[in-house]
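Here the structure is laid out as C-alpha coordinates; the discussion comes afterwards.
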Amino acid sequence: MLELNDFCINRCCAGGLSLPDFVKLANDVGVHNIELRTDIHHGSNFLDDLSIAEFNNLQRNYDVHVANISAEFNLDDRSDLNTKLKGVSELAEIAQKIGADHILFTPIRNADDIRTDEQKFDDLVHNIRIYSDILGTVGVNGLVEPLGFGDSSLRFPWVAQKVLQEADAKNFKLIADTFHYYKAEVTKDDFDEKVDVSRVGLIHLSSITSAKSPEEADDADRYFISANEEDVMKSIEQANWFKESNYFGLYSFEPCAPEINNWSYDKCKQQIADSIEKIIAG
1019 MLELNDFCIN
1029 RCCAGGLSLP
1039 DFVKLANDVG
1049 VHNIELRTDI
1059 HHGSNFLDDL
1069 SIAEFNNLQR
1079 NYDVHVANIS
1089 AEFNLDDRSD
1099 LNTKLKGVSE
1109 LAEIAQKIGA
1119 DHILFTPIRN
1129 ADDIRTDEQK
1139 FDDLVHNIRI
1149 YSDILGTVGV
1159 NGLVEPLGFG
1169 DSSLRFPWVA
1179 QKVLQEADAK
1189 NFKLIADTFH
1199 YYKAEVTKDD
1209 FDEKVDVSRV
1219 GLIHLSSITS
1229 AKSPEEADDA
1239 DRYFISANEE
1249 DVMKSIEQAN
1259 WFKESNYFGL
1269 YSFEPCAPEI
1279 NNWSYDKCKQ
1289 QIADSIEKII
1299 AG
(Lines of atoms letter the chains of each structure in order from A and count residues from 1; the text may use other names and numbers.)
(Lines give C-alpha, C1' and ligand atoms only; values in the text may rest on other atoms or scores of the structure.)
Protein backbone atom coordinates (compact mmCIF):
# COMPACT_ATOMS: atom_id res chain seq x y z
CA MET A 1 0.00 0.00 0.00
CA LEU A 2 1.27 3.45 -0.91
CA GLU A 3 2.14 5.95 1.83
CA LEU A 4 2.75 9.70 1.90
CA ASN A 5 6.46 9.15 1.33
CA ASP A 6 5.61 7.66 -2.07
CA PHE A 7 4.21 10.95 -3.36
CA CYS A 8 5.68 14.06 -4.91
CA ILE A 9 4.18 17.36 -6.07
CA ASN A 10 5.13 19.26 -9.20
CA ARG A 11 5.29 23.03 -8.91
CA CYS A 12 2.37 23.29 -11.33
CA CYS A 13 0.20 21.99 -8.44
CA ALA A 14 0.37 25.55 -7.11
CA GLY A 15 2.00 27.65 -9.81
CA GLY A 16 0.68 30.88 -8.37
CA LEU A 17 2.55 30.47 -5.09
CA SER A 18 6.04 31.71 -4.39
CA LEU A 19 8.68 29.02 -4.02
CA PRO A 20 8.83 29.38 -0.21
CA ASP A 21 5.05 28.98 -0.03
CA PHE A 22 5.16 25.99 -2.38
CA VAL A 23 7.77 24.27 -0.20
CA LYS A 24 5.67 25.03 2.89
CA LEU A 25 2.62 23.60 1.09
CA ALA A 26 4.41 20.31 0.46
CA ASN A 27 5.28 20.05 4.14
CA ASP A 28 1.71 20.92 5.16
CA VAL A 29 0.26 18.00 3.17
CA GLY A 30 2.96 15.65 4.45
CA VAL A 31 4.81 15.30 1.14
CA HIS A 32 8.60 15.45 1.29
CA ASN A 33 9.43 15.37 -2.42
CA ILE A 34 8.89 18.15 -4.95
CA GLU A 35 9.50 18.83 -8.62
CA LEU A 36 10.73 22.24 -9.71
CA ARG A 37 10.24 23.60 -13.23
CA THR A 38 12.33 26.00 -15.25
CA ASP A 39 9.11 27.35 -16.82
CA ILE A 40 7.45 28.28 -13.49
CA HIS A 41 9.05 31.00 -11.42
CA HIS A 42 8.34 34.25 -9.62
CA GLY A 43 11.55 36.06 -10.41
CA SER A 44 14.34 35.69 -12.94
CA ASN A 45 14.94 31.96 -12.36
CA PHE A 46 13.22 28.80 -11.12
CA LEU A 47 14.54 29.36 -7.58
CA ASP A 48 12.60 32.64 -7.47
CA ASP A 49 15.91 34.52 -7.09
CA LEU A 50 16.74 32.72 -3.84
CA SER A 51 20.41 31.95 -3.39
CA ILE A 52 21.49 28.31 -3.26
CA ALA A 53 22.08 28.69 0.49
CA GLU A 54 18.65 30.27 1.04
CA PHE A 55 16.89 27.52 -0.89
CA ASN A 56 18.80 24.77 0.89
CA ASN A 57 17.81 26.29 4.24
CA LEU A 58 14.21 26.28 3.03
CA GLN A 59 14.47 22.58 2.19
CA ARG A 60 15.95 21.77 5.59
CA ASN A 61 13.41 23.84 7.51
CA TYR A 62 10.46 22.10 5.82
CA ASP A 63 12.02 18.64 5.38
CA VAL A 64 11.54 18.78 1.61
CA HIS A 65 13.74 17.31 -1.12
CA VAL A 66 13.93 18.11 -4.85
CA ALA A 67 13.25 14.88 -6.71
CA ASN A 68 13.39 16.46 -10.15
CA ILE A 69 13.90 19.66 -12.12
CA SER A 70 11.80 19.76 -15.29
CA ALA A 71 13.84 21.58 -17.92
CA GLU A 72 13.00 23.12 -21.29
CA PHE A 73 15.55 21.33 -23.46
CA ASN A 74 14.50 19.82 -26.80
CA LEU A 75 16.27 16.54 -26.17
CA ASP A 76 16.98 15.55 -29.77
CA ASP A 77 17.78 19.00 -31.19
CA ARG A 78 21.38 18.94 -32.44
CA SER A 79 21.39 22.54 -33.70
CA ASP A 80 23.51 25.04 -31.76
CA LEU A 81 24.54 22.14 -29.56
CA ASN A 82 27.33 24.00 -27.77
CA THR A 83 24.83 26.49 -26.37
CA LYS A 84 22.58 23.65 -25.22
CA LEU A 85 25.49 21.84 -23.58
CA LYS A 86 26.36 25.01 -21.69
CA GLY A 87 22.76 25.26 -20.47
CA VAL A 88 22.67 21.62 -19.41
CA SER A 89 26.00 21.98 -17.59
CA GLU A 90 24.82 25.07 -15.72
CA LEU A 91 21.55 23.42 -14.69
CA ALA A 92 23.37 20.25 -13.64
CA GLU A 93 25.63 22.29 -11.35
CA ILE A 94 22.61 23.95 -9.73
CA ALA A 95 20.88 20.57 -9.38
CA GLN A 96 23.94 19.16 -7.64
CA LYS A 97 24.16 22.12 -5.26
CA ILE A 98 20.51 21.85 -4.19
CA GLY A 99 20.63 18.05 -3.94
CA ALA A 100 18.19 17.38 -6.79
CA ASP A 101 18.01 13.76 -7.93
CA HIS A 102 17.09 14.27 -11.58
CA ILE A 103 16.82 16.66 -14.50
CA LEU A 104 13.95 15.92 -16.89
CA PHE A 105 14.32 16.24 -20.67
CA THR A 106 11.55 16.21 -23.28
CA PRO A 107 11.72 15.59 -27.05
CA ILE A 108 11.03 17.99 -29.89
CA ARG A 109 7.45 18.83 -30.82
CA ASN A 110 7.28 20.04 -34.41
CA ALA A 111 4.53 19.22 -36.89
CA ASP A 112 6.89 20.23 -39.73
CA ASP A 113 9.71 17.91 -38.64
CA ILE A 114 10.92 16.17 -41.82
CA ARG A 115 13.31 13.73 -40.14
CA THR A 116 12.68 10.01 -40.52
CA ASP A 117 12.00 7.91 -37.42
CA GLU A 118 15.53 6.54 -37.75
CA GLN A 119 17.01 10.05 -37.82
CA LYS A 120 15.00 11.04 -34.75
CA PHE A 121 16.20 7.93 -32.93
CA ASP A 122 19.83 8.62 -33.86
CA ASP A 123 19.58 12.25 -32.74
CA LEU A 124 18.10 11.19 -29.40
CA VAL A 125 20.87 8.66 -28.85
CA HIS A 126 23.56 11.18 -29.83
CA ASN A 127 22.40 13.87 -27.42
CA ILE A 128 21.55 11.59 -24.51
CA ARG A 129 25.05 10.14 -24.59
CA ILE A 130 26.48 13.63 -24.17
CA TYR A 131 23.95 14.74 -21.56
CA SER A 132 24.48 11.53 -19.61
CA ASP A 133 28.19 12.28 -19.35
CA ILE A 134 27.57 15.88 -18.26
CA LEU A 135 25.13 14.84 -15.54
CA GLY A 136 27.38 12.01 -14.46
CA THR A 137 30.24 14.37 -13.66
CA VAL A 138 28.16 16.00 -10.90
CA GLY A 139 26.25 12.92 -9.74
CA VAL A 140 22.85 13.96 -11.09
CA ASN A 141 20.56 11.57 -12.98
CA GLY A 142 18.42 12.21 -16.03
CA LEU A 143 14.81 11.51 -16.92
CA VAL A 144 13.32 11.27 -20.41
CA GLU A 145 9.61 11.94 -20.85
CA PRO A 146 8.04 10.58 -24.05
CA LEU A 147 5.33 13.03 -25.13
CA GLY A 148 2.19 11.46 -26.56
CA PHE A 149 1.36 14.37 -28.87
CA GLY A 150 1.21 13.49 -32.56
CA ASP A 151 3.94 16.02 -33.38
CA SER A 152 6.35 14.63 -30.77
CA SER A 153 9.59 13.01 -31.95
CA LEU A 154 9.39 10.47 -29.10
CA ARG A 155 5.89 9.23 -28.26
CA PHE A 156 6.22 5.72 -26.85
CA PRO A 157 7.99 4.41 -23.73
CA TRP A 158 9.30 1.29 -25.45
CA VAL A 159 11.06 3.43 -28.07
CA ALA A 160 12.53 5.56 -25.29
CA GLN A 161 13.81 2.40 -23.61
CA LYS A 162 15.63 1.43 -26.80
CA VAL A 163 17.14 4.91 -27.01
CA LEU A 164 18.52 4.65 -23.48
CA GLN A 165 19.87 1.18 -24.19
CA GLU A 166 21.55 2.28 -27.41
CA ALA A 167 23.03 5.34 -25.69
CA ASP A 168 24.19 3.21 -22.75
CA ALA A 169 22.81 5.97 -20.52
CA LYS A 170 22.76 4.12 -17.21
CA ASN A 171 22.02 7.31 -15.25
CA PHE A 172 18.83 7.98 -17.24
CA LYS A 173 15.34 6.59 -16.67
CA LEU A 174 11.87 7.26 -18.08
CA ILE A 175 8.93 9.32 -16.94
CA ALA A 176 5.62 7.47 -17.16
CA ASP A 177 2.86 10.06 -17.52
CA THR A 178 -0.80 9.05 -17.51
CA PHE A 179 -1.66 12.01 -19.78
CA HIS A 180 0.94 11.06 -22.37
CA TYR A 181 0.00 7.38 -22.14
CA TYR A 182 -3.57 8.49 -22.92
CA LYS A 183 -2.42 10.70 -25.80
CA ALA A 184 -0.30 7.90 -27.31
CA GLU A 185 -3.01 5.31 -26.55
CA VAL A 186 -0.69 3.09 -24.52
CA THR A 187 -2.77 0.16 -23.26
CA LYS A 188 -2.30 -2.11 -20.26
CA ASP A 189 -1.20 -4.88 -22.62
CA ASP A 190 1.39 -2.50 -24.08
CA PHE A 191 2.55 -1.67 -20.59
CA ASP A 192 2.75 -5.28 -19.43
CA GLU A 193 4.49 -6.53 -22.57
CA LYS A 194 6.71 -3.63 -23.62
CA VAL A 195 7.51 -1.39 -20.64
CA ASP A 196 10.45 -2.35 -18.43
CA VAL A 197 9.38 -0.98 -15.06
CA SER A 198 12.97 -1.02 -13.84
CA ARG A 199 13.65 1.78 -16.36
CA VAL A 200 10.87 4.01 -14.97
CA GLY A 201 12.14 6.69 -12.60
CA LEU A 202 9.03 8.78 -11.90
CA ILE A 203 5.28 8.74 -12.57
CA HIS A 204 3.25 11.83 -13.46
CA LEU A 205 -0.46 11.83 -12.61
CA SER A 206 -3.33 14.10 -13.61
CA SER A 207 -6.97 13.78 -14.69
CA ILE A 208 -9.19 15.10 -17.47
CA THR A 209 -12.93 15.26 -16.79
CA SER A 210 -14.01 16.91 -20.05
CA ALA A 211 -14.98 14.53 -22.84
CA LYS A 212 -11.73 14.90 -24.76
CA SER A 213 -10.45 12.17 -27.07
CA PRO A 214 -6.72 11.38 -27.10
CA GLU A 215 -6.36 13.57 -30.21
CA GLU A 216 -8.19 16.51 -28.60
CA ALA A 217 -6.75 16.40 -25.08
CA ASP A 218 -4.19 19.07 -24.22
CA ASP A 219 -2.10 20.08 -21.22
CA ALA A 220 -4.62 22.81 -20.39
CA ASP A 221 -7.23 20.10 -19.68
CA ARG A 222 -5.19 18.45 -16.93
CA TYR A 223 -6.41 18.81 -13.34
CA PHE A 224 -5.93 16.99 -10.05
CA ILE A 225 -7.07 13.38 -9.66
CA SER A 226 -10.75 12.64 -10.21
CA ALA A 227 -12.73 9.48 -9.62
CA ASN A 228 -11.96 6.88 -12.29
CA GLU A 229 -15.47 7.04 -13.77
CA GLU A 230 -15.12 10.82 -14.28
CA ASP A 231 -11.59 10.77 -15.71
CA VAL A 232 -11.32 10.03 -19.44
CA MET A 233 -7.66 9.02 -18.91
CA LYS A 234 -8.49 6.60 -16.06
CA SER A 235 -5.39 7.74 -14.18
CA ILE A 236 -6.30 5.82 -11.02
CA GLU A 237 -6.52 2.67 -13.12
CA GLN A 238 -3.20 3.51 -14.81
CA ALA A 239 -1.59 4.11 -11.41
CA ASN A 240 -2.74 0.64 -10.41
CA TRP A 241 -0.67 -0.81 -13.28
CA PHE A 242 2.40 0.50 -11.50
CA LYS A 243 1.21 -0.38 -8.01
CA GLU A 244 0.78 -3.98 -9.17
CA SER A 245 4.23 -4.06 -10.81
CA ASN A 246 7.71 -3.86 -9.36
CA TYR A 247 7.76 -0.06 -9.50
CA PHE A 248 8.82 1.42 -6.17
CA GLY A 249 9.46 5.05 -7.12
CA LEU A 250 7.56 8.29 -6.61
CA TYR A 251 4.09 9.23 -7.85
CA SER A 252 4.01 12.93 -8.71
CA PHE A 253 0.97 15.09 -9.43
CA GLU A 254 1.28 17.24 -12.57
CA PRO A 255 -1.99 19.12 -13.24
CA CYS A 256 -1.16 21.68 -15.93
CA ALA A 257 -4.44 23.61 -16.32
CA PRO A 258 -3.60 27.37 -16.26
CA GLU A 259 -6.58 28.02 -13.98
CA ILE A 260 -4.71 26.32 -11.12
CA ASN A 261 -2.25 29.22 -11.07
CA ASN A 262 -5.07 31.37 -9.67
CA TRP A 263 -6.04 28.97 -6.88
CA SER A 264 -5.46 29.78 -3.23
CA TYR A 265 -2.98 28.02 -0.97
CA ASP A 266 -5.80 26.24 0.84
CA LYS A 267 -7.54 25.07 -2.34
CA CYS A 268 -4.30 23.64 -3.73
CA LYS A 269 -3.62 21.95 -0.41
CA GLN A 270 -7.06 20.31 -0.36
CA GLN A 271 -6.78 19.15 -3.99
CA ILE A 272 -3.37 17.56 -3.33
CA ALA A 273 -4.64 15.81 -0.20
CA ASP A 274 -7.73 14.53 -2.03
CA SER A 275 -5.60 13.28 -4.94
CA ILE A 276 -3.29 11.37 -2.62
CA GLU A 277 -6.28 9.76 -0.94
CA LYS A 278 -7.78 8.68 -4.29
CA ILE A 279 -4.54 7.13 -5.56
CA ILE A 280 -3.93 5.25 -2.31
CA ALA A 281 -7.51 3.94 -2.31
CA GLY A 282 -7.19 2.91 -5.96
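Numbering (the numbering used here), first residue to last: 1019 to 1300.
Ideal Cβ positions, reconstructed from N, Cα and C, are used throughout, including at glycine.
Between the options, which has its C-alpha nearest residue i's C-alpha?
i, options, result
"ALA1275", "ASN1063, SER1228 and PHE1139", "SER1228"
"PRO1164", "GLU1136, TYR1149, VAL1158 and ILE1126", "ILE1126"
"LEU1022", "TYR1283, ILE1278, PHE1271 and LYS1285", "PHE1271"
"VAL987", "LEU1065, GLU1090, PRO1175 and PHE1174", "Outside the shown range of the chain (1019 to 1300) lies residue 987, about which nothing can therefore be said."
"LYS1138", "GLY1157, ARG1173 and ILE1221", "ARG1173"
"ASN1280", "TYR1080, GLY1157, ALA1032 and PRO1273", "ALA1032"
"ARG1096", "GLU1247, ALA1110, ASP1141 and ASP1284", "ASP1141"
"ALA1238", "GLY1048, PRO1273, ALA1113 and ILE1052", "PRO1273"
"ASP1135", "ASN1100, GLY1105, SER1171 and LEU1109", "SER1171"
"ILE1278", "ALA1299, ARG1240 and ALA1257", "ARG1240"
"THR1124", "VAL1181, ASN1074, TYR1283 and VAL1162", "VAL1162"
"PHE1091", "ARG1078, LEU1043, SER1107 and ASN1079", "SER1107"
Starting from residue i, trace the beta strand (DSSP E) in both directions and tell me its first and last residue.
i, result
"GLU1090", "1083 to 1092"
"ILE1052", "1051 to 1055"
Ordered along the chain, which non-local residues of its own chain (more than five positions away) have a Cβ less than 8 Å from that of residue i?
i, result
"VAL1215", "PHE1260, SER1263, ASN1264 and TYR1265"
"ILE1243", "LEU1223, SER1224, SER1225, ASP1249, SER1253, ILE1254, PHE1271, ASP1292, SER1293, LYS1296 and ILE1297"
Using DSSP's beta-bridge definition, name the partner residues of residue i.
i, result
"VAL1162", "PHE1123 and LEU1192"
"HIS1222", "ASP1195 and SER1270"
"ILE1112", "BP columns for ILE1112 are empty, so no partner."
"SER1170", "ARG1127"
Following the continuous alpha helix (DSSP H) through residue i, name the residue where it begins and the one where it ends.
i, result
"GLU1247", "No alpha helix (DSSP H) contains GLU1247, which DSSP labels as neither H nor E."
"CYS1026", "Note, CYS1026: premise wrong, no alpha helix (DSSP H); beta strand (DSSP E) at 1025 to 1028."
"ILE1294", "1283 to 1299"
"SER1069", "SER1069 -> no alpha helix (DSSP H), and no H or E assigned at all."
"ASN1145", "1135 to 1156"
With distances taken between CB atoms, is the gap from residue i to residue j smaller than 8 Å?
i, j, result
"GLN1183", "LEU1192", "no"
"ARG1029", "ILE1058", "yes"
"ARG1147", "ALA1185", "yes"
"ASP1024", "TYR1269", "yes"
"HIS1060", "ASP1081", "no"
"GLY1160", "ASN1128", "no"
"ALA1113", "ILE1152", "no"
"LEU1109", "ASN1145", "no"
"ALA1085", "GLU1111", "no"
"ALA1245", "ILE1221", "no"
"GLY1267", "GLY1219", "yes"
Can you list, in chain order, the residues of its chain with a C-beta nearer than 7 Å to that of residue i? Leave out the 5 residues immediately preceding and following it.
i, result
"LYS1201", "GLY1166, PHE1167, PRO1232 and ALA1235"
"MET1251", "THR1196, PHE1197, TYR1200, SER1225 and ILE1226"
"ASN1074", "ILE1116"
"ARG1217", "GLN1179, LEU1182, LYS1191 and LEU1192"
Excluding the five sequence neighbours on either side, which residues of its own chain have a C-beta within less than 6 Å of the C-beta of residue i, listed in chain order?
i, result
"GLN1289", "PHE1242"
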